[in-house]
Structures are given as structure tokens and as C-alpha cells.
Amino acid sequence: MKQNEFWEMNVMFKMMIKMMSVMLVVCMCGMSWGEVVGDTKLLLEVDEMREENAAKIMTWQGTAVVMSQNMQGGELRDHHGAYVYAVDEAEGFKRWKRVEGLTNFLPIEALVDMAEPGVDEMVAPDGFYNVKRHMRRVGENVDIKTLVIFELEKGKRRIMPYVDSFDPMMYMDGLMHSDLHKMLVFRHENAEKMGEQGLMQVTREGDVVSYVLTSDHKTINLYQFDLSQGGNLVLMRSVYSSQIWQTKMSWQEVDGIWLPKTFDYVSHNTVEKSTPQYHSWHVEFGEQRVNEKIDPKVFTIEAMGVQPTTSITDWRDGEGERIDFGEGSKSVQRAFYRGEEEDE
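This note's numbering numbers the first residue of the sequence shown as 147 and each following residue consecutively.
Next up, the structure:
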């Protein structure tokens with residue numbers, strides 16, 4: 147993005163904030179704080195559709211191209227990367243690998259064991275990993291020389307563009323909480339109890355269900371879900387004072403399952419006297435295949451180039467302890483020997 151394009155976008159976002167402010171005034175007309183407008187059943191319908199769609203995914207393989215931009219202090223920087231990924235929901239494994247580009251936002255290659263208590267993420271050697279964003283108790287970027295184990299923080303909200311891991315399943319929920327829909331239903335059903343915390347409105351126009359949540363008389367949150375695209379999130383926009391955050395998604399149907407096609411995130415401030423801040427994250431999903439059998443050996447650390455004699459760095463306690471393979475977690479051993487067990 148060139149500088150003149152950036153400032154054109156600045157003007158666009160100012161107009162967007164004004165439009166959202168008008169929306170707030172319209173929503174408030176004749177309404178009191180804590181009041182509910184609209185039909186909660188619409189949100190329930192959206193939630194059921196999304197869950198039914200996601201439940202169809204047994205395996206998922208594909209490619210993705212990621213492009214990001216970051217501006218702080220007037221300097222705009224570009225990053226990009228291309229990834230391949232494989233997910234086996236039934237067995238509880240995910241794996242992704244960067245095949246092009248260089249950025250410290252994401253690990254080069256990682257394997258996640260979802261079935262093991264603690265949920266371990268294993269990052270392959272020969273790459274950088276931003277440990278500070280992942281385990282906030284430790285330092286800056288770590289130069290990975292051995293296999294590294296991290297414990298994923300359950301319930302952690304991942305806010306773009308600083309995503310720790312390229313996990314395709316996270317895009318099924320727009321990189322928000324996996325229970326985003328249920329959270330909206332809960333807030334809608336308990337609006338009166340929340341009192342001053344919010345004004346809520348649910349509307350439907352065609353296949354698009356919109357949910358507007360305002361809080362503290364300042365913040366405006368807009369969520370839109372498309373029933374013609376599996377009830378999935380297509381727009382999420384938050385405005386607070388001079389700051390705006392927006393996520394847009396498009397979806398494609400593959401063998402009867404709706405999968406992400408594009409993902410766009412942008413955050414931007416619009417105060418002329420303040421330091422310009424701009425973040426964007428664009429993902430284009432390429433060829434995608436679902437519910438095809440995946441060789442179990444794909445989800446082994448051996449396939450990542452790690453041998454049984456390789457030492458392991460365990461960051462789960464935040465100390466970066468070096469351990470032998472035989473002393474590693476069950477998930478490490480399970481991941482390495484997976485495939486051999488099934489061959490027996």
C-alpha cells in the first residue's frame with residue numbers, strides 16, 4: 147500500500163465512523179439501555195447452522211497466502227507468507243508449514259495435538275518464534291534450534307494481526323472466540339440484567355442477520371452472519387472513539403461444507419494529531435479438500451524432520467527447559483510414533 151492510498155483509507159474510515167455513529171443514534175431512538183429489539187431465534191438459527199457446518203469437517207487440507215501490513219510512526223511495512231496445512235479433527239491433530247515468505251508473526255512449521263490434556267503445540271527447528279506473544283512471561287523472539295513445545299492458552303482471544311499460529315480452524319470463527327454466537331445469544335437473552343452495559347438489536351435483511359451491540363454509550367459493535375454461507379460470520383466491526391476494527395470474510399462451498407475463502411482484518415486510528423497506526427491482515431485460501439483420508443504419518447514430528455534423538459526445549463513452564471525425547475510429554479511421543487502404531 148502506498149502512502150497516498152493509506153491516507154485515502156484514512157478518509158474512508160472517518161466516514162465509516164460517522165456512519166456507525168448514525169447507526170447508534172437510530173438504534174437508540176425510543177429505546178432504553180438494556181432493552182432488547184429483535185428476535186433471539188435468529189441468532190439461535192445462525193448458531194445451529196454454523197455448528198452443523200463445522201461438525202461436517204473430519205479432515206481438512208489446503209493452502210493459504212497471508213499478506214499483512216503494519217504502520218506505526220508513519221512507516222508502513224509489508225509481510226507475506228504462503229502455507230500448507232492439514233487438520234484431522236477425528237484424531238485431534240493439526241499441522242501447518244510455511245512454504246514461502248519470511249515473517250516473525252508465525253512459526254515456520256508446527257504440529258498441534260488437540261487430544262492431549264494441556265494441548266501442546268510443537269514448533270519445528272530452523273525458525274523464529276515470537277515467544278513473548280505466546281508466553282507472556284518470557285522474552286522476545288527465540289531462535290529455534292530444536293523442537294519446542296508450547297502450551298496453548300485455552301480461551302485466549304486471538305486478535306489480528308498478531309496471531310501466534312496459522313491454525314485454519316480458527317478462521318472458521320473469524321479468529322474470535324469459538325463460542326462467539328453463543329456469547330451473542332447469551333447477551334441478547336440477558337440484556338435487561340446487563341442494564342447500562344448495552345443496547346442490543348437483531349435484524350434480518352435477506353440472508354444476512356445483523357447484530358448491533360452498543361455499550362457505555364461509546365462503543366459500537368456490529369456482527370453480520372450470512373445464512374446463505376452456512377450461517378458464518380461475514381462482517382465484524384467495532385468502533386470506539388477514533389479507533390476502528392473490522393473483519394470481513396467470504397466463504398466457499400467444498401463438497402457441501404462452507405470453508406473460508408478470504409479473510410480481511412484491519413485496524414486504524416483516525417485522529418489527525420495522533421501517531422498513525424494501521425494494521426491489516428489478508429488471507430486467501432487456495433485449493434481446499436475435505437474429508438479425504440490423511441496418512442497418519444503426516445502428523446508426526448518425524449515428518450517435521452525431528453528424530454527421536456533430538457533434544458527438546460519445553461517452554462510450557464516459561465523457563466525453556468531442555469529435555470530428552472524419552473522424557474517428553476505423551477503428546478510428543480504420541481506424535482512421533484503415530485503411524486507406526488497403526489501399522490502394527
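Glycine included, each C-beta is placed from N, C-alpha and C at the ideal position.
These numbers come from a predicted model, not from an experiment.
- CA-CA distance, A228 to T446, rounds to 21 Å.
- Around the CB of R223, fewer than 16 other CB atoms lie within 10 Å, so the residue is classed as exposed.
- Apart from the 5 residues on each side of it in sequence, N216 sits with its Cβ closer than 6 Å to the Cβ of R223, H425 in its chain, given in chain order.
- Annotation: the stretch 392-431 contains the following complete segments of the beta strand (DSSP E) (minimum length 3 residues), in chain order: 403-415.
- Check the Cα spacing between K187 and each of D410, M318, E438, Q347: the tightest is with Q347.
- Taking N415 as reference, the option from N437, Q389, W404, Y231 with the minimal CA-CA separation is Q389.
- The beta carbon of D401 sits closer than 6 Å to the beta carbons of V436 from its chain, once the five residues preceding and following it are set aside; these are given in chain order.
- Looking at the DSSP output, N378 shares a beta bridge with D372.
- The continuous beta strand (DSSP E) containing V233 extends over residues 221-234.
- Looking at Y231, M395, E197, the one whose alpha-carbon comes closest to that of T205 is Y231.
- A check of alpha carbon separations from T209 across N199, F239, L190, V245 identifies V245 as the nearest.
- Distances from the CA of G238 to each of S214, E191, V444, F332 were compared; the closest alpha carbon is that of V444.
- Sequence-distant partners of L368 (beyond 5 residues in either direction) whose C-beta falls short of 6 Å from its own C-beta, in its chain, are V358, R383.
- Apart from sequence neighbours up to five positions away, the residues of its chain that approach D372 with a beta-carbon distance below 7 Å are D353, V354, N378, V380, ordered along the chain.
- Nearest in C-alpha terms to E221, of all of F431, Q423, A449, is Q423.
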